[in-house]
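Visitor: When you line the sequence shown up against full-length UniProt numbering, it's residues 1 to 662, in that order.
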Amino acid sequence: MSQPERPLINLSCSERESNRSANPTFADLLQARISRRNCLKGGGALAAGIGLAQLTGCSLGADDKKPVSRLGFSAIAATVADSITVPAGYTTQALLPWGTPLMDGAVPFRTDASNSAAEQARQMGSHHDGMHFFPIDLKSGGSSSTEGLLVMNHEYCDPDLLHTNGPSPLPRPLAEVEKELAAHGNSIAHIRLNSAGEWQLVEGSRYNRRITGATHMEIDGPLRAHAAMKTLYSPQGIATRGTLNNCSNGVTPWGTYLTCEENWAGVFINSGVQPREQSRYGVPDNEDDNYYHWHTAAPVSDLAARFNAAPQADSAEQDYRNEPNTYGWIVEIDPFAPDSTPVKHTALGRFAHEGIIFHPPVEGQPLVAYSGDDSRFEYIYKYVSRDAYQQASAGSHLLQNGTLYVAVFHDSGRGEWRALDINDAAFKQRAGEAGIHFDSQADVLLNTRLAADVVGATKMDRPEWGAVNPMNGDVYFTLTNNSKRKQDQVNAANPRAKNIYGHIIRWAENERPQATAFHWDVFWFGGEAGTNQPAYGKSSDAASEIACPDGLRFDNDGLLWIETDISNSSPLLGSERFGNNGMYCADPVTGDFRRFLSGPMGCELTGIAITPDQSTLFVNIQHPGEGSTPDNFTSHWPDGGNSRPRSATVAIRRQDGGKVGT
1 MSQPERPLIN LSCSERESNR SANPTFADLL QARISRRNCL KGGGALAAGI GLAQLTGCSL
61 GADDKKPVSR LGFSAIAATV ADSITVPAGY TTQALLPWGT PLMDGAVPFR TDASNSAAEQ
121 ARQMGSHHDG MHFFPIDLKS GGSSSTEGLL VMNHEYCDPD LLHTNGPSPL PRPLAEVEKE
181 LAAHGNSIAH IRLNSAGEWQ LVEGSRYNRR ITGATHMEID GPLRAHAAMK TLYSPQGIAT
241 RGTLNNCSNG VTPWGTYLTC EENWAGVFIN SGVQPREQSR YGVPDNEDDN YYHWHTAAPV
301 SDLAARFNAA PQADSAEQDY RNEPNTYGWI VEIDPFAPDS TPVKHTALGR FAHEGIIFHP
361 PVEGQPLVAY SGDDSRFEYI YKYVSRDAYQ QASAGSHLLQ NGTLYVAVFH DSGRGEWRAL
421 DINDAAFKQR AGEAGIHFDS QADVLLNTRL AADVVGATKM DRPEWGAVNP MNGDVYFTLT
481 NNSKRKQDQV NAANPRAKNI YGHIIRWAEN ERPQATAFHW DVFWFGGEAG TNQPAYGKSS
541 DAASEIACPD GLRFDNDGLL WIETDISNSS PLLGSERFGN NGMYCADPVT GDFRRFLSGP
601 MGCELTGIAI TPDQSTLFVN IQHPGEGSTP DNFTSHWPDG GNSRPRSATV AIRRQDGGKV
661 GT
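(1) Specify, as a first and last residue, the run of the alpha helix (DSSP H) that L174 falls within.
(2) Under 8 Å, do G250 and T212 count as touching if we go by C-beta distance?
(3) Touching or not, the stretch 82 to 94 and the stretch 627 to 646, by the rule of three or more beta carbon pairs under 8 Å?
(4) Can at least three beta-carbon pairs, one atom from the stretch 101 to 109 and one from the stretch 441 to 456, be found at a separation below 8 Å?
(5) If N481 sits next to G466, beta carbons under 8 Å apart, how far is it from one beta carbon to the other, in whole angstroms?
(6) Distance, Cα to Cα, V384 vs N245?
(7) For D289, tell me which candidate among N186, R280 and S271 has the shortest Cα-Cα distance.
(8) Between the Cα of V368 and those of A651, V68, P253 and D461, spot the shortest distance and give me the residue it belongs to.
(9) Looking at Y379: is its Cβ nearer than 8 Å to the Cβ of A434?
(10) Look at I219 and T240 and say whether their C-beta atoms are less than 8 Å apart.
(11) DSSP has S598 in a bridge; who is on the other side?
(12) Inspect the CB distances between the stretch 332 to 341 and the stretch 291 to 307 and report whether three or more fall short of 8 Å.
(13) Check whether the stretch 624 to 631 and the stretch 160 to 170 touch, using three or more Cβ-Cβ pairs below 8 Å as the test.
(14) Does the distance from the C-beta atom of H519 to that of A508 stay below 8 Å?
(15) Where in the stretch 350 to 420 do unbroken runs of the beta strand (DSSP E), each at least 3 residues long, occur, reported from the N-terminal end onward?
(16) Give me, in chain order, the residues of the same chain whose beta-carbon lies closer than 7 Å to that of L102; leave out the 5 immediate sequence neighbours on both sides.
(17) Among G221, T256 and E464, whose alpha-carbon lies nearest the alpha-carbon of G237?
(18) Cα separation between K538 and V68?
(19) Report the three-state DSSP secondary structure of T296 (helix, strand or coil).
(20) Could you check which residue in W199, N401, A182 and D334 has the C-alpha nearest to that of L138?
(21) Which residue wins for smallest C-alpha separation from L605, given the options G530, G89 and H128?
(22) When you compare each of T516, I504 and H184 to T403 by their alpha carbons, which one comes out closest?
(23) In whole angstroms, give me the CA-to-CA distance for S143 and K659.
(24) For the alpha helix (DSSP H) holding T448, just list the boundary residues, first then last.
(25) Flag this pair as yes or no: are the beta carbons of D411 and H397 separated by less than 8 Å?
(26) Count the other CB atoms within 10 Å of the CB of E198; is the residue buried (16 or more) or exposed (fewer)?
(27) Which residues bound the beta strand (DSSP E) around G633?
(28) Decide if D314 is buried, meaning its Cβ has at least 16 other Cβ atoms within 10 Å, or exposed.
(29) Skipping 5 residues on each side, what residues in its chain have a beta carbon closer than 7 Å to that of Q391?
(30) If contacts are defined as beta-carbon pairs under 8 Å, then L174 and A298 qualify, I think. What distance do you get, rounded to the angstrom?
(31) Return the first residue and the last residue of the beta strand (DSSP E) that K428 is part of.
(32) Can you determine whether any heavy atom of the ligand ATP sits closer than 7 Å to the C-beta of R321, and answer yes or no?
(33) Given a cut-off of 8 Å, decide if L223 and E332 are closer than it, judged by their beta-carbon atoms.
(34) Over what stretch of residues does the alpha helix (DSSP H) that includes L552 continue unbroken?
(35) Are S615 and R653 touching if we call contact CB-CB under 8 Å?
(36) According to DSSP, simplified to helix, strand and coil, what is F525?
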């Protein structure tokens with residue numbers, strides 16, 4: 001039976017606030033900036049093309065010729081239907097739901113969810129999230145839009161649905177813990193488009209693979225073999241087990257998949273004195289804040305006991321006091337090498353990674369990537385590789401050594417990237433003034449959040465997904481919401497104490513991606529119809545009212561796809577204006593912004609992948625029927641009837657075979 005009064009688990013927004021620094025918030029800066037300026041004046045590098053200087057805060061004059069929107073569909077209305085709703089002229093197909101047999105020897109999903117842990121480890125995981133479509137011919141050009149590898153994250157699991165009768169009371173049975181770990185991680189699915197225009201799993205493909213919360217992983221970068229990474233599992237500090245709470249993702253220029261560990265801290269517990277590398281990340285110190293209570297598993301198992309981070313022995317090599325240090329990283333997976341070992345890249349920093357996006361690489365220049373820390377009042381980061389990108393030799397080495405920066409947004413509309421580098425004079429000075437000591441660059445990266453506090457990074461409203469506009473290199477980031485925003489942070493353009501709607505920011509680097517200065521503005525403010533959109537000199541309408549923007553992806557034509565994650569605890573979800581969570585498409589040139597898709601009840605829209613010819617758009621439907629109990633399903637998607645709800649992928653195609661969205 002279920003545990004009494006068990007709180008709803010939604011790891012999409014459940015990390016405890018842990019930033020106690022006095023750094024300014026983004027709202028502070030936005031208020032100061034908009035009160036001083038009506039129109040951002042960009043530098044020379046932005047004046048040409050479709051740069052921010054053309055779009056930011058400047059309405060078109062009466063004699064200006066308004067560009068024609070490229071959106072080729074009529075907006076759908078908000079709906080609370082327990083189904084997928086798309087515009088006329090489109091078809092949808094649900095595929096690869098949780099429990100789908102994936103690997104050789106896998107058994108079918110049992111409708112009562114009675115599959116064992118061993119069976120789950122060979123099936124599709126739960127709570128589909130970030131994903132990418134890799135054309136099957138990637139190594140020889142990557143043009144196939146009819147066959148490829150669909151790689152996705154499985155962010156978390158809902159024990160009330162994963163087990164037939166929900167989770168057992170404490171202590172947790174080991175068999176349940178093992179199944180929950182098996183439901184996490186990643187899936188690599190070889191899929192092919194058939195003659196009827198439907199996607200099918202290629203059964204028996206050597207590429208089909210599961211990566212779980214128990215899969216062996218290597219550690220590289222500055223933290224490899226560091227004392228803080230040593231555990232009973234890896235006394236040398238060079239390996240760990242599993243990847244957990246993987247939200248968004250990234251794709252390297254050399255064709256590998258990056259999965260990002262987000263709300264990992266809550267699976268651990270340490271009721272004793274916590275070191276800063278645990279307390280600054282919100283590792284719970286009591287059972288009430290722990291997500292799954294895996295550490296209580298009976299019979300006792302090393303696989304589960306590692307989630308208790310309190311010292312249990314004489315040295316770190318004899319217990320799991322350092323196990324949390326092996327999480328909070330970005331993990332590289334080669335989908336075309338099914339026997340390869342995933343690698344955790346410590347040079348990219350440790351925090352609640354929502355995802356990672358790359359600036360288009362330039363031959364002979366360092367590689368540049370961005371990642372957000374998805375928690376209230378946390379930061380946005382940029383990584384610049386030490387070595388130059390060379391297409392012929394590009395590979396993982398570019399993610400092993402580099403400089404990590406954190407964003408500071410100034411009220412003038414300008415910004416700067418401050419290095420988190422122990423050899424940087426400004427960093428050393430600020431750390432000294434703050435009275436905080438780092439003994440090595442590895443220590444800086446282990447405590448990335450603390451290092452960002454030290455340099456005065458700007459606190460943001462839950463930085464989530466990012467995307468780079470292929471037309472001009474502008475970088476966009478969603479700030480999903482922040483209910484903790486105070487009244488004294490309200491301003492005319494963003495009049496929200498408790499920012500329940502969120503917004504999307506963007507910036508352009510000064511002259512080149514590796515620059516340490518940029519210009520920024522707000523692309524779109526979430527809210528009801530009538531919300532002012534100063535970047536376009538207009539207000540949003542019923543088609544463009546949006547709340548809690550989350551997923552973000554540009555297609556090859558420069559159209560921006562935006563997904564929402566309104567919490568099930570919010571009165572906005574299911575309301576007349578917003579309906580269920582959905583997906584929107586926007587044209588940044590014109591500011592045309594329309595609702596394209598509505599998901600089933602209780603779900604989050606997430607994961608965006610597109611075939612090279614843009615004829616298929618894949619999205620993930622995560623946790624339909626969230627809040628369901630074993631005897632009360634609040635959604636029956638995708639199977640219908642009285643079925644148990646299951647996360648799944650949806651393939652969206654135009655009936656005429658054309659590009660989706662245009």
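From the three backbone atoms N, C-alpha and C, an ideal C-beta is built for every residue, glycine too.
Guide: From the atom records:
(1) Numbered from its first residue, the sequence shown carries residue 174 at position 174. Taken as a continuous stretch (DSSP letters only), the alpha helix (DSSP H) holding L174 covers L174 to A183.
(2) In the sequence shown, residue 250 corresponds to position 250, counting from 1. In the sequence shown, residue 212 corresponds to position 212, counting from 1. No, Cβ-Cβ distance for G250 and T212 is not below 8 Å.
(3) yes
(4) no
(5) On the sequence shown, residue 481 is found 481 positions in, with the first residue counted as 1. On the sequence shown, residue 466 is found 466 positions in, with the first residue counted as 1. Rounded, the Cβ-Cβ distance is 17 Å, inconsistent with contact.
(6) Looking up residue 384 in the sequence shown gives position 384. Looking up residue 245 in the sequence shown gives position 245. Looking at the two C-alpha atoms, the distance is approximately 25 Å.
(7) Here the question's residue 289 lines up with position 289 in the sequence shown. That would be S271, whose Cα lies nearest to the Cα of D289.
(8) The residue given as residue 368 occupies position 368 in the sequence shown. Looking at the Cα atoms, P253 is the closest of the given residues.
(9) Along the sequence shown, one-based indexing puts residue 379 at 379. Along the sequence shown, one-based indexing puts residue 434 at 434. It is not a contact, given that the beta carbons lie outside the stated cut-off.
(10) Position 219 of the sequence shown, counted from the first residue, corresponds to residue 219. Position 240 of the sequence shown, counted from the first residue, corresponds to residue 240. In contact: I219 and T240 (Cβ atoms closer than 8 Å).
(11) Indexing the sequence shown from 1 puts residue 598 at position 598. According to DSSP, which records beta bridges pairwise, S598 is partnered with T85 and G582.
(12) no
(13) yes
(14) Within the sequence shown, the letter at position 519 stands for residue 519. Within the sequence shown, the letter at position 508 stands for residue 508. Yes.
(15) 366 to 372, 376 to 378, 380 to 388, 402 to 409 and 414 to 419
(16) In the sequence shown, residue 102 corresponds to position 102, counting from 1. Same-chain partners within the cutoff: R122, Q123, M124, S187, A189, N208 and R210.
(17) In the sequence shown, residue 237 corresponds to position 237, counting from 1. When each option's Cα is compared against that of G237, the closest is G221.
(18) As a first step, residue 538 is located in the sequence shown; it is residue number 538 there, counting from the start. As a first step, residue 68 is located in the sequence shown; it is residue number 68 there, counting from the start. Using only the alpha carbons, I get a separation of about 16 Å.
(19) Within the sequence shown, numbered from 1, the residue matching residue 296 stands at position 296. T296: helix per DSSP, three-state reduction.
(20) Reading the sequence shown from its first residue, position 138 is the one you call residue 138. Checking every option, the nearest Cα to that of L138 belongs to D334.
(21) Walking along the sequence shown from the start, residue 605 turns up at place 605. Ranking G530, G89 and H128 by Cα distance to L605 puts H128 first.
(22) Residue mapping note: residue 403 aligns to position 403 of the sequence shown, counting from 1. Ranking T516, I504 and H184 by Cα distance to T403 puts T516 first.
(23) Here residue 143 refers to the residue found at position 143 when the sequence shown is read from its first residue. Here residue 659 refers to the residue found at position 659 when the sequence shown is read from its first residue. S143 and K659: Cα-Cα distance of roughly 15 Å.
(24) Residue numbering aside, residue 448 sits at position 448 when the sequence shown is read from its first letter. Looking at the DSSP string, the run of the alpha helix (DSSP H) that includes T448 is T448 to V454.
(25) Numbered from its first residue, the sequence shown carries residue 411 at position 411. Numbered from its first residue, the sequence shown carries residue 397 at position 397. Their beta carbons are not under 8 Å apart, which means D411 does not touch H397 by this criterion.
(26) Here the question's residue 198 lines up with position 198 in the sequence shown. The residue is exposed, with fewer than 16 neighbouring Cβ atoms inside 10 Å.
(27) Your numbering for residue 633 matches position 633 in the sequence shown. Per the sequence presented here, residue 633 reads as Phe, with Gly not at that position. Careful: F633 lies outside any beta strand (DSSP E) and carries neither H nor E.
(28) Taking the sequence shown and counting its residues from 1, one reaches residue 314 at position 314. Result: exposed.
(29) If you number the sequence shown from 1, residue 391 lands on position 391. Correct list, in chain order: E363.
(30) For the purposes of this step, residue 174 is taken as residue 174 along the sequence shown, with counting starting at 1. For the purposes of this step, residue 298 is taken as residue 298 along the sequence shown, with counting starting at 1. Yes, they are in contact, since the Cβ atoms of L174 and A298 sit about 6 Å apart, within 8 Å.
(31) Working through the sequence shown from its first residue, we reach residue 428 at position 428. Careful: K428 lies outside any beta strand (DSSP E), inside the alpha helix (DSSP H) at A425 to A434.
(32) Looking for the ligand ATP in the displayed structure turns up nothing, as the structure carries no ligands at all.
(33) Along the sequence shown, read from residue 1 onward, the residue named residue 332 stands at position 332. Along the sequence shown, read from residue 1 onward, the residue named residue 223 stands at position 223. Taking 8 Å as the Cβ cut-off, E332 and L223 do not qualify as a contacting pair.
(34) Along the sequence shown, read from residue 1 onward, the residue named residue 552 stands at position 552. No alpha helix (DSSP H) contains L552, which is instead part of the beta strand (DSSP E) from P549 to F554.
(35) By 1-based counting over the sequence shown, the position of residue 615 is 615. By 1-based counting over the sequence shown, the position of residue 653 is 653. Taking 8 Å as the Cβ cut-off, S615 and R653 qualify as a contacting pair.
(36) What you label residue 525 is simply residue 525 of the sequence shown in a count that begins at 1. In this structure, F525 counts as strand in the three-state DSSP scheme.
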